[in-house]
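From first to last, the protein sequence lines stand for chains Z and X.
In terms of this note's numbering, the first sequence is residues 1 to 114.
In terms of this note's numbering, the second sequence is residues 1 to 112.
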Amino acid sequence: ETGVTQTPRHLVMGMTNKKSLKCEQHLGHNAMYWYKQSAKKPLELMFVYNFKEQTENNSVPSRFSPECPNSSHLFLHLHTLQPEDSALYLCASSQGGAPTDTQYFGPGTRLTVL
Amino acid sequence: QKEVEQNSGPLSVPEGAIASLNCTYSDRGSQSFFWYRQYSGKSPELIMSIYSNGDKEDGRFTAQLNKASQYVSLLIRDSQPSDSATYLCAASFSGGYNKLIFGAGTRLAVHP
Numbered sequence: 001e002t003g004v005t006q007t008p009r010h011l012v013m014g015m016t017n018k019k020s021l022k023c024e025q026h027l028g029h030n031a032m033y034w035y036k037q038s039a040k041k042p043l044e045l046m047f048v049y050n051f052k053e054q055t056e057n058n059s060v061p062s063r064f065s066p067e068c069p070n071s072s073h074l075f076l077h078l079h080t081l082q083p084e085d086s087a088l089y090l091c092a093s094s095q096g097g098a099p100t101d102t103q104y105f106g107p108g109t110r111l112t113v114l
Numbered sequence: 001q002k003e004v005e006q007n008s009g010p011l012s013v014p015e016g017a018i019a020s021l022n023c024t025y026s027d028r029g030s031q032s033f034f035w036y037r038q039y040s041g042k043s044p045e046l047i048m049s050i051y052s053n054g055d056k057e058d059g060r061f062t063a064q065l066n067k068a069s070q071y072v073s074l075l076i077r078d079s080q081p082s083d084s085a086t087y088l089c090a091a092s093f094s095g096g097y098n099k100l101i102f103g104a105g106t107r108l109a110v111h112p
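Set out below in structure tokens:
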């Protein structure tokens, strides 16, 4: 595996379900990100982790719970989601936190909440 | 609220023409700017990054930055149908570590 991988690629869940999204980066990077992409809207940054520590929580509802056990893995735990949470969830990584550090994206998880 | 603005398009150009994509940003402290290409149903992939005023060329792509006007552009020469995608402009946010602000993207359609 190379680059940034995400599983599952597609997920359909009911509002009462609990599920988790997984992201893994094989680039030796130290920073990882979760973004939400809804139709016709800009990418919304949700969470940022640097060296496993959360450095950004962009006012995300508590029904989204991130976890970063090490610099290579990032999870997004989902529970009691709403239909408006249906979107493409993208994971990204970068070497560090400098403004010039490029963020590389995974393929995304297409989430549908029924 | 820091923002990045892009015309949503679609921008339609004939094959072989130059496509010009534009972006303005509101955060005067932004230092770095990125252009990503996103095909329908796929994730964004980096096309170009630019940090200094002026032009930066990479193959058929040229990024232009004017910090005084808070304006970034991407020129695609000899446009191909395979260039048809949504192009996202992003600016680094001066008030946050690691933070990029994205525009909503411009959809480019290159027709044969």
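All C-beta atoms, glycine included, are put in the ideal place defined by N, C-alpha and C.
Note that the structure is a prediction, hence the values are computed from the model and not measured.
Residue interval of the beta strand (DSSP E) (run including residue i)
| i | result |
| --- | --- |
| Z:E24 | 18-25 |
| Z:Q54 | 53-57 |
| X:K56 | 54-58 |
| Z:R110 | 109-113 |
| X:S73 | 71-76 |
| Z:N70 | 64-70 |
| X:T62 | 61-66 |
Contacts of residue i in chain X (Cβ-Cβ under 9 Å)
| i | result |
| --- | --- |
| Z:F47 | The premise fails here: Z:F47 is roughly 11 Å from chain X at the closest Cβ pair, so nothing lies under 9 Å. |
| Z:L11 | Neighbours of Z:L11 on chain X: none; closest Cβ ~15 Å, over 9 Å. |
| Z:S94 | N98 |
Residues bridged to residue i (per DSSP)
| i | result |
| --- | --- |
| X:M48 | X:W35 |
| Z:N50 | Z:A31, Z:E53 |
| Z:Q6 | Z:C23 |
| X:I101 | X:A91 |
| X:I18 | Partner(s): none; X:I18 has no beta bridge. |
| Z:S94 | Z:A31 |
| X:K42 | In DSSP, X:K42 forms no bridge with anything. |
| X:Q6 | None, per the DSSP bridge assignment. |
| X:A85 | X:L108 |
| Z:T80 | Partner(s): none; Z:T80 has no beta bridge. |
| Z:K87 | Checking the displayed sequence, the identity of residue 87 of chain Z turns out to be Ala instead of Lys. In the DSSP output, where bridge partners are listed per residue, Z:A87 has Z:L111. |
| Z:L43 | Its beta-bridge partners do not exist; DSSP assigns none. |
| Z:T102 | Paired residue(s): none; Z:T102 is not in a bridge. |
| Z:Q37 | Z:L88 |
Residues of its chain near residue i, where Cβ-Cβ distance is below 7 Å and the 5 sequence neighbours each way are ignored
| i | result |
| --- | --- |
| X:Y39 | A85 |
| Z:N50 | N30, A31, G97 |
| X:K42 | none |
| X:K2 | S26, D27, F93, I101 |
Per-residue contacts from residue i into chain Z (C-beta, under 8 Å)
| i | result |
| --- | --- |
| X:Q31 | P99, T100 |
| X:Y25 | Neighbours of X:Y25 on chain Z: none; closest Cβ ~12 Å, over 8 Å. |
Amino acids of chain X, ordered along the chain, whose beta-carbon sits closer than 7 Å to that of residue i
| i | result |
| --- | --- |
| Z:Q103 | L100 |
| Z:L114 | The contacting residues do not exist; Z:L114 stays about 20 Å from chain X at best. |
Listed by chain order, chain Z residues near residue i by CB distance under 7 Å
| i | result |
| --- | --- |
| X:L11 | Those do not exist, as X:L11 stays about 16 Å from chain Z at its closest Cβ, beyond 7 Å. |
Residues that residue i contacts on chain Z, provided the C-beta gap is smaller than 9 Å
| i | result |
| --- | --- |
| X:S49 | T100, T102 |
| X:L46 | T102, Q103, Y104, F105 |
| X:F34 | T102, Q103 |
Interface partners of residue i on chain X, CB under 8 Å
| i | result |
| --- | --- |
| Z:K40 | S8, A104 |
| Z:P107 | K42, S43 |
| Z:L74 | Under the 8 Å cutoff, chain X gives no residues; its nearest Cβ is about 13 Å from Z:L74. |
| Z:L90 | S43, P44 |
| Z:L111 | What Z:L111 touches in chain X: nothing, since even the nearest Cβ is about 14 Å away. |
Chain-order list of residues whose beta-carbon lies under 8 Å from that of residue i (same chain, five-residue window excluded)
| i | result |
| --- | --- |
| X:S52 | L65 |
| Z:Q54 | F47, V48, P66, C68 |
Own chain partners of residue i with C-beta closer than 6 Å, once the 5 adjacent residues on each side are dropped
| i | result |
| --- | --- |
| X:S73 | N22, Q64 |
Residues of the region 87-111 of chain X whose Cβ lies closer than 9 Å to any Cβ of chain Z, in chain order: L88, A90, S92, F93, S94, G96, Y97, N98, K99, L100, I101, F102, G103, A104, G105
Residues of the region 24-39 of chain Z with Cβ closer than 7 Å to any Cβ of chain X, in chain order: A31
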